[in-house]
Structure formats: structure tokens, C-alpha cells
Amino acid sequence: MSLGTAAYLGRYQVGLSHTFNQKHEVGFTLGWTPDDLVGEVRQYSIEYGYTPWTLQSEAWLLQPMTIGFGATATDHKEFFFKSSGKYDDEAYYDATLRRYLVRYAISVGRQLPNEQSIWLRFHLSILDQGLQVLFNNGWQPALLDYMSPGLSLFYRF
Amino acid sequence: MGLDKKGMMKFGRMITIWVLAALFFLLSGCGVDTPFGSQTKTSVENHNHETIQELVAQGAGKTGLIRIGLLADSHQNYKGLEEAIDRLNTQNLDFVIHLGDFTNIGLNVEFDAFVRTMGQLRHPYVVLIGNHDAIGAGIPMYRKIFGEFNTSFSYAGRKIVLYNSNSLEFQKVEGFDPQWAAQELASATEPTYLFQHVNYDNKTHFTDAESADFEAMMLAAPDLRFALNGHLHAGTQRNLGSIRLATIPRSEGGQYAILELDPAKDSLSFCEGSRCQEVSVGPGSGF
Ligand SMILES: [Fe+2]
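Residue numbers (my numbering), protein chains in the order written: chain A, 1 to 157; chain R, 1001 to 1287.
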């Protein structure tokens, strides 16, 4: 169970995830962002993360690297999957209501009695559009704007 | 697993990398929370309006040659846009106009990336909204960052008209207003230069009747010299009566254009890198 912020999944997030063998993690997140100009933005995200190492020193835990990918979508009315009928074809614009992202994270945890643990995770996400920019332009300072850091706090039980 | 010496070193290295990454992001102003909103990192607001106020002051009393740099359809080609900006920076220019489509799908992150890249330009610039910039949350973001969708100003005895021609993207929001353009052109008392993103005869955006109306309106204008658009990516030019029409090439590959207004002649050149070619010439304007 997690609480988090930013990294493209919403200003406020709650999530549920399941971990297999301490390495593979799949999760679902609900995000909400207030927005002055377009109204509130609700988001639905799914994520997969791979964590090769979990290091432990007494009750402290460290996962130096989680690499994963996610998909996030909104039901906001200004965003669409297919371009409307007034255009020549439905792929006139790339879909705007769904984005993919690649994520890197580092997590620090504390082992609790009874096999449970509490964790703080720092994320860095890059949007699919950013990967497209990287592919087409090579490194550009503009790429910094296609990345977003975030934090989450989660409880494993 | 427990922490052995090797593990500790790996641990230390990873921590260092991530602390550096975190610092880097803190210093560069972090990111946005969602790609589906209007939240941006840039603090720029009402950019066109403020720039135009400075230009009007700068243009008052100016005589002789006027040089305007033109950019269009940079989308996500930041490399090409940077190349064009580098070239424009080496030239004497009065100002630069970007004719719109500075994003792919009007995302907040794209507005930020564009503003960041244009920050390298050493000339004052104004930006038209393109159809790609007017989807998603693009319209309110453009309004906030750049200002009015339609605007005109007088510069050194010429009238510059910046017209929002994105008919399909402005069906639910006010801002597409051909009547405004008609009024601006008809009331002009100075040589007039019209800039718009979508070409007026675009088959997707306009019916034949709408295109014909716009054409008649341009022809009836007292002194319309050039009508320039973007959207089509490839540079082209033709004449409509005494009006010079042209599509400004997209900035991919470092392309841009220069409009020179001079008492002897007006001319439009398409450029790529340091090579420019004059493609359209009209009678002189100004004094
Ligand atoms: Fe366009």
C-alpha cells in the first residue's frame, strides 16, 4: 500500500502493489491533481518494477535500484484516444489521454516486527514523449522537461 | 541478503548517483506532477503581450531596413530549432515570429521544453498558436504563457497581424475569429503583414466557401503585402494578386526564414544553416 506524489502519476496518489520474490512488483495507482485551468485531473496508472537487489543492515533495508515501466491514463474530457471525426483520419494527432513512462527508483526501508516493512522511495520518470525526443534529437536540454521526480511512502505487509 | 564489503561499495555508489540525480533535478526546477494538466515549470506569462509592448516602443521612429526572423512547426525537433536559433542569433533582426506548432500534442512538458529552448534566442520573439498546441490543455496554457490568440501591432510604420487560424481546435473555445482578421486587414492604414499557422486554403480546416471568403477578404485589404503561414512543413510561395503568400519551412534541419522590409523592396528568404535564398520579392515599404 502506498502514498505518493508526482513523477507524472498525480500530485496525490494512493496505490496497491504486489511483490513476487522481493524482485518483481506490479501495482495500480490512483492519482489526483488539482488544476486551475482545466479542473481536477484524475489518473489511473499501472506499473511494473524490477528490483535486482535488496540490501539489509540490521533493521535497515535498501533497494538501490528499481527499474520499471508504467502506463497512465486520464478520463479528463480534453484528452482523447482517437482524433475526432472532423480530421482526415483518427490518427491525425497522437493519443493524448494515455502516456507510458519508464521509471527508476531507489528505496530505503525499515524492517518492522512480523515481517512487515515501511519504505520511502525516490522515483524519476521519463515520459514516452521524452524517449521519442531522445531518439529523434539525441541529448537536448529540453529533455529535462520530459522527466519528473517523485516520492512515495509505502508499507509492505 | 546481508551487506558484505562489496555490497557496501555498490550501495555507496548507487547512493552517490541518486543523490547527484536528485540535486540535479532540484537545481533544474523539478518536474510536473501530471502530463494531463496545465501545470508548467516555466514562470513565463503573457509573453507576447509584453514583447509587443517593447516592440511598439522600439519600432516608433525607426526608419530603414526591418528584418524579421521566422520559425515554424518546430514540434519536438529541438535540435533543428536550436540550430535555427543559433543562426538567427548571428543576425541583425528586429524580432522573431514562431508561426506555431511548437509541440506535438500540446502537453505541459512540451510547453516547458519549448520555452526553455527559445530562451536561447537573443532577439525578442512572439509565438502564434498552432493546431498541435491547441489540443489537450494547450489552449489555456497558451493563453497563460503567451497571451491573446489574435493580436496586431504597429512596428516602424508596418502593421503586423498575428491571426489564429486553427478553426477545428477552437470550436468549443472562443479565439478563432475570421471577422477579427477581416476588421484588422480592412482598417489598416499601413503596409500590412499577416501571419497565421494554418494556410487559409487548407482542405482539412476550411470548406471551399470559407477559403474563398478569406481570399476575397485578403484581396480587398487596402495594403496587404505578405500573408505567411506554417503548418505544411515544406517552404512554398505563390502570389495572390499583389499579395505574396508563402509557407514558412519547419525548423527541422535548422530551417528558418527571413522577411526583410525596406523602402526599396520587401523580400522573403528561406534559409537552412548559413545558406539563404530569396524566394519572394515585393515593392518596398516604409521610409
Ligand atoms: Fe500545424
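For each residue, glycine too, the CB sits at the ideal point set by N, CA and C.
Small disclaimer: the values here were computed from a predicted structure and weren't measured.
- Relative to ligand 1, even the nearest heavy atom lies 7 Å or more away from the CB of N1202 of chain R.
- Look at R1143 of chain R here: in three-state DSSP terms it is helix.
- With the criterion set as a beta carbon lying under 8 Å from some beta carbon of chain R, the members of the segment 29-46 of chain A are G31, T33, D35, D36, L37, V38, V41 and Q43, in sequence order.
- Residue state for Q1076 of chain R is assigned as coil, using DSSP reduced to three classes.
- For G31 of chain A, same chain residues with a beta-carbon under 6 Å away, outside a window of 5 residues either side, are L9, G10, Q13 and Q43 in chain order.
- If you draw a straight line from the Cα of I106 of chain A to the Cα of L62 of chain A, it is about 8 Å long.
- Distances taken from the Cβ of G1130 of chain R to the heavy atoms of ligand 1 include one shorter than 7 Å.
- The alpha-carbon separation between Y50 of chain A and N21 of chain A amounts to approximately 10 Å.
- Listed as beta-bridge partners of P52 of chain A by DSSP are no residues whatsoever.
- Across the segment 1123-1138 of chain R, CB contacts with chain A closer than 8 Å involve H1132, I1135, G1136 and A1137, in sequence order along the chain.
- Short note on V1127 of chain R: C-beta not closer than 7 Å to any heavy atom of ligand 1.
- At a cut-off of 4 residues, the continuous stretches assigned as alpha helix (DSSP H) that sit fully inside the segment 92-138 of chain A are 128-137.
- By alpha-carbon distance to Q1255 of chain R, the top candidate from R:G1080, R:Y1155 and R:N1131 is R:G1080.
- Closer than 8 Å to the CB of Y1078 of chain R there is at least one CB belonging to chain A.
- Beta-bridge partners of M147 of chain A (DSSP): A:I126.
- A distance below 8 Å separates the beta carbons of A1156 of chain R and I1066 of chain R.
- The closest heavy atom of ligand 1 lies 7 Å or more from the beta carbon of H1205 of chain R.
- Residues of chain A whose Cβ lies closer than 8 Å to the Cβ of R1116 of chain R are, in chain order, P141, A142, L144 and D145.
- The Cβ atoms of S1152 of chain R and E1184 of chain R lie closer than 8 Å to each other.
- The three-state reading of DSSP puts N1048 of chain R in helix, counting H, G and I together.
- Collapsing the DSSP output to three states places G10 of chain A in coil.
- Per DSSP, reduced to three states, the secondary structure at P1124 of chain R is coil, with no helix or strand assignment.
- DSSP places S1211 of chain R in the helix class (H, G or I) of the three-state scheme.
- Non-local beta-carbon contacts of N1229 of chain R in its own chain, meaning distances under 6 Å to residues more than five positions away in sequence, involve Q1196, N1199 and T1247 in chain order.
- Going by DSSP, V1032 of chain R is part of no alpha helix (DSSP H) at all; its letter is neither H nor E.
- When the five nearest sequence neighbours on each side are left out, the beta carbons in the same chain lying within less than 8 Å of the beta carbon of Q1277 of chain R are those of S1269, F1270 and C1271, in order along the chain.
- Cβ-Cβ distances below 7 Å link D1133 of chain R to G1100, D1101, F1102, T1103, G1106 and Y1142 in the same chain, with the five nearest sequence neighbours on each side left out; the list follows chain order.
- For the 8 Å CB-CB criterion, A6 of chain A and L124 of chain A do not form a contact.
- The beta carbons of S1285 of chain R and R1122 of chain R sit about 26 Å from each other, so the pair does not count as a contact at 8 Å.
- DSSP places A1246 of chain R within a strand segment (E or B) once states are collapsed to three.
- The C-alpha of F1170 of chain R is placed about 9 Å away from the C-alpha of D1177 of chain R.
- As the crow flies, the alpha-carbon of T1207 of chain R is around 11 Å from that of L1168 of chain R.
- Listed as beta-bridge partners of Q1171 of chain R by DSSP are no residues whatsoever.
- By the neighbour-count definition (other C-beta atoms within 10 Å, threshold 16), K77 of chain A is an exposed residue.
- Ligand 1 approaches H1231 of chain R closely enough that one of its heavy atoms is under 7 Å from the residue's Cβ.
- Taking a beta-carbon distance threshold of 8 Å, P1178 of chain R does not count as an interface residue toward chain A.
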